[in-house]
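Colleague: First residue of the sequence shown: 135, per the working numbering; consecutive thereafter.
Beta carbons are placed, not taken as given, at the ideal position from N, Cα and C, and that holds for glycine.
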Amino acid sequence: MKYPLLAVDLDGTLFTDEKEIQAETIEAIHEYREKGGKVVISSGRSPMSTRWVAETIGIAGAPIIAYNGAVILDQHGEVHEQSVFQHDTLLTFWELCEAAGLYAQFYEGDTLLVPAVNEWNQNWIENNIPLLEKSGGKRETCEGLRKKCEVKVIDHFYQYIKEKQPAITKIAVFDKGEKLQDFSTRFAGLESALEISSSFGFRNLEITPSGISKASALIKVTQLLGIPISQTAAIGDNFNDSLMLETAGFGIVMGNAPEEVKQTANAVTDTNNEAGVAKAIRKYLLL
Numbered sequence: 135m136k137y138p139l140l141a142v143d144l145d146g147t148l149f150t151d152e153k154e155i156q157a158e159t160i161e162a163i164h165e166y167r168e169k170g171g172k173v174v175i176s177s178g179r180s181p182m183s184t185r186w187v188a189e190t191i192g193i194a195g196a197p198i199i200a201y202n203g204a205v206i207l208d209q210h211g212e213v214h215e216q217s218v219f220q221h222d223t224l225l226t227f228w229e230l231c232e233a234a235g236l237y238a239q240f241y242e243g244d245t246l247l248v249p250a251v252n253e254w255n256q257n258w259i260e261n262n263i264p265l266l267e268k269s270g271g272k273r274e275t276c277e278g279l280r281k282k283c284e285v286k287v288i289d290h291f292y293q294y295i296k297e298k299q300p301a302i303t304k305i306a307v308f309d310k311g312e313k314l315q316d317f318s319t320r321f322a323g324l325e326s327a328l329e330i331s332s333s334f335g336f337r338n339l340e341i342t343p344s345g346i347s348k349a350s351a352l353i354k355v356t357q358l359l360g361i362p363i364s365q366t367a368a369i370g371d372n373f374n375d376s377l378m379l380e381t382a383g384f385g386i387v388m389g390n391a392p393e394e395v396k397q398t399a400n401a402v403t404d405t406n407n408e409a410g411v412a413k414a415i416r417k418y419l420l421l
């Protein structure tokens, strides 16, 4: 195979808008694997969420990229490598968000640290571990995994971060207005400590430690598997996928992607609701 490794995003890519994976897509993935290809999930989702998806559609046994590259799981689903923020960076960033009137949530493993319950976090556990009932997911397994996730409300957030020094791998910032794009350009000297992207066209910001991205994690995975980066393909749909699409040997973007992201890829496939991943695999990778 010209591209024996495929890195695939989840939301907006492998997932339909209903957070399911179409049967056609699962079949194409297994056709690719039967020919010797390896499929690596590459997502901004948590380690448990990505493992749940891999196990549900039968592709467990390959490395996984979670939290936009901050966590790499090995073929057994265990943490192979994890990148965390420096604590002074977290404190400074929290102060900046408060000064700008922006809501931020911090990710520690499969726990979400939040200052208060609101619309962006109240359904996080259910969204983090989607049911996947139409994709082959078992309800009892899903419910068991959901019990292992937690949304922890922290009353004195700054003090908690300062005293407890949690191992934070990802931060997400949300706002209903137009503040985020401007805010992403003004980090008061923190630029060298942060990697900033978005998965919703600047309706949110996704932040990882400096130098950490899906692209950097994909390079590490190729080294782990002994596959040259030039022999990898990647499929994604949003700004946090752009660098991965450019880094892979062959980048494929979903039809539902923003135009700026489409410009970073070698090919454009159909949308996530039209089995775009399946069509891309059969058109470009089963060669």
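What residues are listed by DSSP as bridge partners for P249?
Modeller: Listed as beta-bridge partners of P249 by DSSP are no residues whatsoever.
Colleague: Is the beta carbon of I193 less than 8 angstroms from the beta carbon of I163?
Modeller: yes
Colleague: In three-state DSSP terms, what is P197?
Modeller: coil
Colleague: State buried or exposed for P181, treating a residue as buried only when at least 16 other CB atoms are found within 10 Å of its CB.
Modeller: buried
Colleague: Is I305 close to chain C, meaning its C-beta is less than 8 angstroms from at least one C-beta of that chain?
Modeller: Chain labels in this structure do not include chain C; a single protein chain is all it has.
Colleague: Which residue comes first and which comes last in the alpha helix (DSSP H) that contains I346?
Modeller: Looking at the DSSP string, I346 is not in any alpha helix (DSSP H), and its letter there is neither H nor E.
Colleague: Determine which residues share a DSSP beta bridge with T366 and list them.
Modeller: In DSSP, T366 forms a bridge with L139.
Colleague: Look at the Cβ atom of A233, then the Cβ atom of A382, and state whether they are nearer than 8 angstroms.
Modeller: no
Colleague: Kindly indicate which residue of E161, G146 and P249 has the alpha-carbon position closest to the one of L420.
Modeller: When the alpha-carbon of L420 is set against those of E161, G146 and P249, the nearest one is in E161.
Colleague: Determine the extent of the beta strand (DSSP E) in which Q239 is found, giving its start and end residues.
Modeller: Y237 to E242
Colleague: Among T190, E229 and F149, which one has its Cα closest to the Cα of F317?
Modeller: E229
Colleague: Should A157 be labelled buried (16 or more other beta-carbon atoms within 10 Å of its own) or exposed?
Modeller: exposed
Colleague: By DSSP's criteria, E329 is part of a beta bridge. Which residues make up the other side?
Modeller: In the DSSP secondary-structure assignment, E329 is bridged to T342.
Colleague: Candidates N407, E312, L324 and G278: which alpha carbon is nearest I259's?
Modeller: Each of N407, E312, L324 and G278 was checked against the Cα of I259, and the nearest Cα belongs to G278.
Colleague: In the DSSP assignment, find the alpha helix (DSSP H) that holds H423 and state where it starts and stops.
Modeller: This structure does not reach residue 423, given that the chain is present from 135 up to 421, and the question cannot be answered.
Colleague: Of the choices T150, T366 and F227, whose alpha-carbon is the least far from that of A327?
Modeller: F227
Colleague: A409 by DSSP, collapsed to three states: which one?
Modeller: Three-state result, A409: coil.
Colleague: Could you tell me whether the Cβ atoms of Q444 and T159 are closer together than 8 angstroms?
Modeller: Outside the displayed range of the chain (135 to 421) lies residue 444, so it cannot be described from this structure.
Colleague: Using only CA atoms, which one of L266, L247, G311 and E212 lies nearest to L236?
Modeller: G311
Colleague: Can you tell me whether DSSP reads I191 as helix, strand or coil?
Modeller: Three-state DSSP puts I191 in coil, outside helix and strand.
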